[in-house]
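Visitor: Before I ask anything, here is the structure I am working with.
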Amino acid sequence: MLSERKILVGVTGSIAAYKSAELVRRLKGQQAEVIAVMTRSAVRFLSPLTLETLSGNPVATDLFPKERPYGTGHISLAEWADLVVVAPATANIIGKVASGIADDLLSTVIMATTAPVILAPAMNVNMYNNPIVGENIRKLRLHGYGFVEPEIGELACGTVGQGRLAAIERIIDAIIDGLDISSQLAGKKVLVTAGRTEEDLDPVRFLTNRSTGKMGYALADRARRRGADVLLVSGPSSLPVPRGLRFESIRTAEEMRKKVKTAFPSSDVIIMSAAVADFRPRQISAAKIKKGPQEVESVFLELERTVDILSEIAGQKGDKILVGFALETENGLMNARSKLREKDLDLVVLNDPSGFGSDTNRVTLIDRSGNIEQLPQMTKVEIADRILDRVVEIIRKGGKKT
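See the structure below:
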């Protein structure tokens with residue numbers, strides 16, 4: 163989602179400074195370019211080496227350094243950034259910026275930049291509730307500075323109240339909004355299928371698989387965050403339905419097929435991540451199948467193919483963008499390429515079966531131009547963003563076939 167976006171992360175002297183390491187890691191995981199700027203107080207809480215290692219760039223700490231990895235210092239950094247986020251932001255840095263004070267590298271960068279600036283306060287509850295701090299925040303809001311409100315909870319001093327640094331996910335959401343990434347898929351209708359299907363054997367038993375729907379739910383949620391009108395069609399899952407989208411629940415492969423066929427004509431992007439059954443019992447027993455006599459050691463179960471939904475809709479694809487998933491245990495690349503070609507996909511995601519039920523996975527992205535991108539192990543949310551980055555790229559190129 164943040165591919166090639168340049169994010170300057172400012173870190174100030176708060177006990178919450180250690181959380182900036184996770185912020186930098188998450189931003190890099192979304193392919194952002196990150197440079198960290200730390201105040202003198204910040205380095206007392208967190209080693210610059212930590213952020214340098216995670217960001218892959220030297221950490222800037224001094225207004226007048228002996229070595230200048232970033233040219234003219236504050237001006238070069240101010241012009242480099244697409245967005246500046248200060249997390250954690252102390253009462254001190256908020257007061258400096260509100261007063262136009264530029265007496266260290268971070269405050270000088272903030273004064274010099276024309277990029278959006280977001281501050282995520284973290285401090286003692288009494289400091290946060292101090293009317294002067296409140297006035298400074300209101301003043302900065304009037305001047306267009308963004309804020310991610312701190313959360314309520316136990317603070318480092320032992321008291322309970324508002325002052326904890328916002329969750330990293332909230333800060334990243336604010337960054338996305340600040341970069342207008344939330345409009346990347348505006349006006350697009352995105353259909354996402356997720357989860358497993360269940361095919362009845364009898365009133366008690368059914369055939370299914372181990373899919374939890376985590377990948378599909380992440381795709382639906384991240385597409386919605388990019389401004390898409392999302393319909394999530396899901397098989398049985400214990401996951402909460404993401405907010406802000408339309409949701410349809412199904413159970414069998416045939417129910418999935420009907421929902422997809424209904425939604426397909428009005429969809430611009432179709433992402434088929436559900437693990438749909440390839441076979442179902444030819445006949446469903448009206449009564450529970452009994453073990454039978456003790457000498458009967460096996461039962462014959464006749465299966466029939468379900469309709470291949472992807473193949474069925476591929477013939478009506480037109481200029482729609484179609485993304486499929488391939489879960490393979492052998493000959494993965496060969497089979498995924500074959501699926502891409504035979505089903506007229508724009509992108510196929512080669513899936514590792516070890517990802518079932520896990521929050522992480524390893525996948526390989528293959529497009530119709532033959533480009534192969536093997537992703538390292540990452541969270542399914544991060545994978546969802548990589549997939550949607552490719553979808554946005556295809557849209558920008560006009561969905562042209564090669």
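Quick note on the numbering used here: the sequence shown kicks off at 163 and runs consecutively.
Cβ coordinates follow ideal geometry from the N, Cα and C atoms, glycine included.
Given a threshold of 16 other Cβ atoms within 10 Å of its Cβ, counted over all protein chains shown, does F487 qualify as buried or as exposed?
Guide: For this step, residue 487 is matched to residue 325 along the sequence shown. Buried, by the Cβ-count rule.
Visitor: Using a 10 Å radius around the Cβ and a threshold of 16 neighbouring Cβ atoms, would you call G482 buried or exposed?
Guide: Your numbering for residue 482 matches position 320 in the sequence shown. A small correction: the amino acid at residue 482 is Lys; Gly does not occupy that position in the sequence shown. Buried: at least 16 other Cβ atoms inside 10 Å.
Visitor: Could you give the distance in angstroms between the alpha-carbon of K350 and the alpha-carbon of E555?
Guide: Locating residue 350 in the sequence shown gives position 188, where the first residue counts as 1. Locating residue 555 in the sequence shown gives position 393, where the first residue counts as 1. Using only the alpha carbons, I get a separation of about 14 Å.
Visitor: Which class does D551 belong to by DSSP, given the choice of helix, strand or coil?
Guide: Counting from one through the sequence shown, the residue named residue 551 turns up at place 389. Helix, per DSSP.
Visitor: Ignoring anything shorter than 4 residues or poking outside the segment 295 to 373, list the alpha helix (DSSP H) runs there in chain order.
Guide: 330 to 340, all fully within the segment 295 to 373.
Visitor: Tell me the DSSP bridge mates of D529?
Guide: Counted from its first residue, the sequence shown places residue 529 at position 367. According to DSSP, which records beta bridges pairwise, D529 is partnered with L509.
Visitor: Are I451 and L369 close, meaning C-beta to C-beta below 8 Å?
Guide: For the purposes of this step, residue 451 is taken as residue 289 along the sequence shown, with counting starting at 1. For the purposes of this step, residue 369 is taken as residue 207 along the sequence shown, with counting starting at 1. No, these two residues do not count as a Cβ contact at 8 Å.
Visitor: Going by DSSP in three states, G378 sits in which element: helix, strand or coil?
Guide: Looking up residue 378 in the sequence shown gives position 216. Helix at G378.
Visitor: Please report the straight-line C-alpha distance between I334 and T212, rounded to a whole angstrom.
Guide: Position 172 of the sequence shown, counted from the start, is the residue given in the question as residue 334. Position 50 of the sequence shown, counted from the start, is the residue given in the question as residue 212. Using only the alpha carbons, I get a separation of about 20 Å.
Visitor: What ranges does the alpha helix (DSSP H) occupy inside the segment 209 to 259, keeping only unbroken runs of at least 4 residues that lie completely in it?
Guide: You should have 210 to 217, 236 to 242.
Visitor: Roughly how many angstroms separate the alpha carbons of E313 and S520, rounded to a whole number?
Guide: Residue mapping note: residue 313 aligns to position 151 of the sequence shown, counting from 1. Residue mapping note: residue 520 aligns to position 358 of the sequence shown, counting from 1. Taking the straight line joining both Cα atoms gives about 28 Å.
Visitor: My assumption, with CB atoms under 8 Å, is that E195 sits in contact with R167. Please give the rounded CB distance.
Guide: Here residue 195 corresponds to residue number 33 of the sequence shown, with the count starting at 1. Here residue 167 corresponds to residue number 5 of the sequence shown, with the count starting at 1. Contact flag correct, Cβ pair sits at about 7 Å.
Visitor: Around the C-beta of V322, are 16 or more other C-beta atoms found within 10 angstroms, so that it is buried, or is it exposed?
Guide: For the purposes of this step, residue 322 is taken as residue 160 along the sequence shown, with counting starting at 1. V322 should be labelled exposed.
Visitor: Would you kindly report the start and end of the unbroken beta strand (DSSP E) that includes I197?
Guide: Position 35 of the sequence shown, counting from 1, holds the residue named residue 197. Segment 195 to 200, the beta strand (DSSP E) holding I197.
Visitor: Which stretch, first to last residue, makes up the beta strand (DSSP E) that contains I433?
Guide: Mapped onto the sequence shown, residue 433 falls at position 271. Unbroken beta strand (DSSP E) run through I433: 431 to 434.
Visitor: Write down the C-beta distance between L302 and A260 rounded to the nearest angstrom, noting that I regard them as a contact closer than 8 Å.
Guide: Here the question's residue 302 lines up with position 140 in the sequence shown. Here the question's residue 260 lines up with position 98 in the sequence shown. That belief holds up - the Cβ atoms of L302 and A260 are roughly 5 Å apart, short of 8 Å.
Visitor: To the nearest angstrom, how far is it from the Cα of I338 to the Cα of L527?
Guide: Counting from 1 along the sequence shown, the entry for residue 338 is found at position 176. Counting from 1 along the sequence shown, the entry for residue 527 is found at position 365. Roughly 23 Å separates the two Cα atoms.
Visitor: Distance, Cα to Cα, A222 vs N286?
Guide: On the sequence shown, residue 222 is found 60 positions in, with the first residue counted as 1. On the sequence shown, residue 286 is found 124 positions in, with the first residue counted as 1. Straight-line Cα distance between these residues: approximately 27 Å.
Visitor: Output the boundary residues of the alpha helix (DSSP H) element that contains L140.
Guide: Because the chain here runs from 163 to 564, residue 140 falls outside it and cannot be looked at.
Visitor: Which residues in the same chain have their Cβ closer than 8 Å to the Cβ of V461, if we skip the five residues on either side of it in sequence?
Guide: Here residue 461 refers to the residue found at position 299 when the sequence shown is read from its first residue. Within the same chain, V461 has close Cβ partners I451, G454.
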